[in-house]
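Peer 1:
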Amino acid sequence: MAGFFSRLKQGLTRSTQKLNAALTHRYLDETALEELEDELIAADLGPAVAGRVIDGFRSSRFGRNVTTEEIQEALAAEIAHVLSPVAVPFELKPEHKPHVVLVVGVNGVGKTTTIGKMAKWFRDQGRSVMMVAGDTFRAAAVEQLQVWGERTGAPVIAGKPGGDAAGLAFEGIKRAREAGTDLLFVDTAGRLHNKGALMEELAKIIRVMRKFDETAPHSVLLVLDATTGQNAMEQVRVFRELVNVTGLIVTKLDGSARGGIVVALADAFKLPVHLVGVGEQVEDLRPFSAQDYARGLVGQSGGDLANRLVEGSDPEAGQEERGSAPG
Amino acid sequence: MFDTLSGKLSGVFEGLSKRGRLSEADVAEAMREVRLAMLDADVALPVVRDFVNKVKENSVGSEVLESISPGQAVAKIVNDALIEALGGAGNVPLNLAAAAPVPVLMVGLQGSGKTTTSGKIALRLLTRERKRVLLASLDVQRPAAQLQLQQLAERVGVGSLPIVAGQQPVEIARRALETGRREGYDVVILDTAGRLSIDEALMQEVREVRDATNPAETLLVVDAMTGQDAVNTAQRFNEAVGITGVVMTRMDGDARGGAALSMRAITGAPIKLVGLGEKLEALDDFYPERVAGRILGLGDIAGLVEKASETLDHEESERVAKKMMSGKFDLDDYASQLRQIGKMGSISGILGMLPGMGKLKDKLGDQELDTTIFKRHQAIISSMTKNERKTPSIIKASRKKRIAAGSGTTVQEVNKLLKQFDDMSTVMKRISKMGLGGMKQMLSGLMSGGGPGGRPGGGFGGMNRR
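Protein chains in written order, with my numbering: chain A, 12 to 338; chain B, 141 to 606.
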């Protein structure tokens, strides 16, 4: 796990230098608090949640002469407090055979890759896995999942391009039940949540699966791209309303995006966050930890912190405006 | 797109215009709202700061303070600043001024829509400019990515570079250009693997591809839903490979698309194209002034007109228009209209381009209109005889039964269609006199769903919401 934590922290802290610049203010005056708030906004927490976090902070710490470490610790604790309730692991329910997992999300968030990684993980745990190539729309989506099938040794149920995803899902449950498979992943085509007809199609997949097993799907996982901004709120709201999402998976956290939107989502929806994707390798899909995530977000990653603060304090002040318009 | 930002800004300026004259405090308050709205819209923080400062400077001047309608004056300043931040008025087209085969390099994060956009650009060059296009996938990372581009090329009807297993991106790129030269292609689109901007190894690889091919365009493909990180992505890709243009994808979503504002500011490269849907045709030119207009709730009239004129069959439209003017609009013409509406894409997409329609879209919420009614109407009409289509008044009870049975609908639905057609003929006559205003009225009738007969817009009254 050490490898994972360092990877996660690397991913989360790589771009937190700006935050650190704000954090070097030793005296927590109103200006410093405003800067902190701005930097939380720049991490995609959104103005409302960033404001609330800072308010909580202000009431307890305002005006105190504190060290950078104290500020970071307290801020991380504040954020971890929001995240803790949603740090819920994904668990296989053995009473269902198969445990049906429907995977949904907007286009390009990494649904198929996530399924491949999860399949690998469960296969390594000695579980039997089957996958349904429910993205019949995008070119070569089926083949993409089939490659994962070969990599993980999990059978893939696929149909014709443009075919009926609901029928495939039905077929998938049936075959998984017959084979006594532990876990069935149903991949779906990416869809924007504001497209009514496409969202209805998802509801139909669920209806049809229930004709075979009325308890299915046992999990509906919404995959979110960590680079997404405030629109993630709408995504979660609409997907949850229409297909009863049971948990979130946040991908692409190894990039320069800080994934602060997860804090806003936790604050607004309290939906479990099961897993985070921190890289392209199979083993880079990991359980979500509130403390690590919060620490990563505020740049509290242990030993090298002091160094970075010293290095970062001066040039970073100028870097803050580096991104502004050239003219 | 940008609906909520537009809503918030109009809210702010509504307050201002009611007060008459503009004080410094007013401006400060408005700017706080603008700032929040922009942050909510995912405009990057440094860009917001810059923007707000600029507008503040320009607003708290005597010119504005003494103007008759301060709200309007500030709206204009915000609008101008938005256009400027988006790159200044006018579309910047793709630059293909180089010796054929012209290399175009597509770069971006994973899942931003590079491959789909490559296919869309190929189709656009093929149909609009009669170019011979070769698509080549350099994505050796994601499973089946090369196959995806090959299948897209088949769908579009352009060439694709044969896949050679195990070949590396730089080699593929060279082979693509060789093939392009040998086989007389005009443009070679090089689709690369998605990569994180901080992945040094992959960024180095794309630099090598660029050096090996010297592309006329290096297009950064960016998802309109991108948050604050848009700044980092833009900056790093620009530093690494030198971006010449940006394509914003998924502008058909409900993301407010603040990333668009950040892009030009950070890269200095213009946004050239926008992706507006999953269909391969769903790619449009980017016009900063239209998007800014939308932000302020001014609508995008020019965009609508252009889209309509491009998608619609001109001869057919003219024929129908003539019949409309002469008051001889029949059911055949209605069916033809329905087909054309289908071609134009989603209704809400069209609405978004109309001025003042933002609020109507809000009423709709995030739901799409159910356009299956159009298909049912087409089915009903195709179950009619020639005479019935020409003279709907001859359709009485027994004919209705036959038509309903033939189209798999009910007599009620046939009745509804006939009633709507009747209303519509009335509206059509009016529209020919009213021009765009009439169209807007018709659409607003459409949104409110079913009105009393004869009321403009009653024609689409039976449309269902989802």
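A virtual CB, placed ideally from N, CA and C, is assigned to each residue, including glycine. Please read these numbers as outputs of a predicted model, since none were measured by experiment.
#1: Counting only C-beta atoms, is valine 167 of chain A closer than 9 Å to chain B at any point?
#2: Residues in the same chain with beta-carbon distance under 7 Å from phenylalanine 299 of chain A, minus the five sequence neighbours each way, listed in chain order, please.
#3: What residues from chain C crowd round glycine 145 of chain A, counting only those whose CB sits closer than 8 Å?
#4: Using the rule of at least 16 other Cβ atoms within 10 Å of the residue's Cβ for burial, across every protein chain shown, is lysine 122 of chain A buried or exposed?
#5: If you measure between the beta carbons of leucine 266 of chain B and aspartate 331 of chain B, is that distance less than 9 Å?
#6: Quick check: the stretch 108–115 of chain A against the stretch 224–234 of chain A, are at least 3 beta-carbon pairs closer than 8 Å?
#7: So is glutamate 154 of chain A in contact with chain B if we call contact Cβ pairs under 9 Å?
#8: What beta strand (DSSP E) runs, 3 residues minimum, are completely inside the stretch 126–177 of chain A?
#9: Tell me whether lysine 206 of chain A sits in a helix, a strand or coil according to DSSP, three-state version.
#10: Can the beta-carbon of serine 523 of chain B be found closer than 9 Å to that of serine 538 of chain B?
#11: Taking beta-carbon pairs under 9 Å, can you tell me which members of the stretch 367–380 of chain B lie near chain A?
#12: Any idea which residues DSSP pairs methionine 388 of chain B with across the strands?
#13: Three-state secondary structure (DSSP) at methionine 524 of chain B?
#14: For phenylalanine 196 of chain A, name the three-state secondary structure that DSSP assigns.
#15: Which partner residues does serine 300 of chain B have in the DSSP bridge list?
#16: Within 8 Å, do at least three Cβ pairs link the stretch 278–287 of chain B to the stretch 333–346 of chain B?
#17: Grab the span of the beta strand (DSSP E) containing valine 284 of chain A for me, first residue to last.
#18: Does serine 202 of chain B pass the burial test, meaning 16 or more other C-beta atoms within 10 Å, or should it be called exposed?
#19: Helix, strand or coil for asparagine 76 of chain A, going by three-state DSSP, please let me know.
#20: For a minimum of 4 consecutive residues, which ranges assigned as the alpha helix (DSSP H) are wholly contained in the stretch 232–286 of chain A?
#21: Is glycine 145 of chain A near aspartate 198 of chain A, with beta carbons less than 9 Å apart?
#22: Between which two residues does the beta strand (DSSP E) containing aspartate 55 of chain A stretch?
#23: Take every Cβ of the stretch 128–135 of chain A, pair it with every Cβ of the stretch 181–188 of chain A, and state whether three or more of those distances are shorter than 8 Å.
#24: Against glycine 266 of chain A, what residues of chain B qualify as contacts under a CB-to-CB distance less than 9 Å, listed in chain order?
#25: Going by alpha carbons, who is nearest to leucine 519 of chain B out of B:Thr531, B:Leu471, B:Ile535, B:Ser533?
#26: What residues in its chain sit with their C-beta under 7 Å from that of alanine 275 of chain A, if we drop five residues either side in the sequence?
#27: Assign valine 304 of chain B to buried or exposed, taking buried as 16 or more other Cβ atoms, counted over all protein chains shown, within 10 Å of its Cβ.
#28: Quick one: residues in its chain with C-beta nearer than 7 Å to the C-beta of arginine 529 of chain B, no 5 flanking neighbours on either side, listed in chain order?
#29: In three-state DSSP terms, what is glutamate 81 of chain A?
#30: In the structure shown, what three-state DSSP assignment does glycine 116 of chain A receive?
#31: Apart from the five residues on each side of it in sequence, which residues of its chain come closer than 6 Å, Cβ to Cβ, to arginine 272 of chain B?
#32: For glutamate 418 of chain B and chain A, any beta-carbon pair shorter than 9 Å?
#33: In whole angstroms, what is the alpha-carbon distance linking arginine 314 of chain B and valine 387 of chain B?
#34: Does DSSP put proline 105 of chain A in a helix, in a strand, or in coil?
#35: In the DSSP assignment, the beta strand (DSSP E) including isoleucine 329 of chain B goes from what residue to what residue?
#36: Which same chain residues end up closer than 8 Å to threonine 147 of chain A when comparing Cβ atoms and leaving out the 5 residues on each side of it in sequence?
Peer 2: Reading it off the structure:
#1: no
#2: Ala98, Val284, His285, Leu286, Val287
#3: Note that chain C does not occur in the displayed structure, where the protein chains are A and B.
#4: buried
#5: no
#6: yes
#7: yes
#8: 140–143
#9: Lysine 206 of chain A: coil per DSSP, three-state reduction.
#10: Not in contact: serine 523 of chain B and serine 538 of chain B (Cβ atoms no closer than 9 Å).
#11: Residues of the stretch 367–380 of chain B whose Cβ lies closer than 9 Å to any Cβ of chain A, in chain order: Gly367, Gln368, Asp369, Ala370, Val371, Asn372, Thr373, Ala374, Gln375, Arg376.
#12: Beta-bridge pairing links methionine 388 of chain B to B:Val362, B:Val414.
#13: coil
#14: Strand at phenylalanine 196 of chain A.
#15: B:Leu275
#16: yes
#17: The continuous beta strand (DSSP E) containing valine 284 of chain A extends over residues 284–288.
#18: Note on serine 202 of chain B: pLDDT 46, under 50, position unreliable in the model; no value is reported.
#19: Asparagine 76 of chain A: strand per DSSP, three-state reduction.
#20: 242–254, 272–280
#21: Contact flag set, yes.
#22: Taken as a continuous stretch (DSSP letters only), aspartate 55 of chain A belongs to no beta strand (DSSP E), as it is neither H nor E.
#23: no
#24: In chain order: Leu249, Gln250, Leu336, Ser337, Ile338, Asp339, Asp369, Asn372, Thr373.
#25: Residue identity check: residue 519 of chain B is alanine in the sequence provided, not leucine. Looking only at B:Thr531, B:Leu471, B:Ile535, B:Ser533, the smallest Cα-Cα distance to alanine 519 of chain B is reached by B:Leu471.
#26: Leu56, Gly57, Val60, Met244
#27: exposed
#28: Cβ within range, chain order: Asp470, Leu471, Asp472, Ile521.
#29: In this structure, DSSP gives glutamate 81 of chain A a helical state, which the three-state scheme calls helix.
#30: coil
#31: Tyr325, Asp326
#32: yes
#33: 24 Å
#34: coil
#35: 327–331 is the extent of the beta strand (DSSP E) around isoleucine 329 of chain B.
#36: Val153, Gly170, Lys171, Pro172, Gly173, Gly174, Asp175, Ala176, Leu179, Ala200
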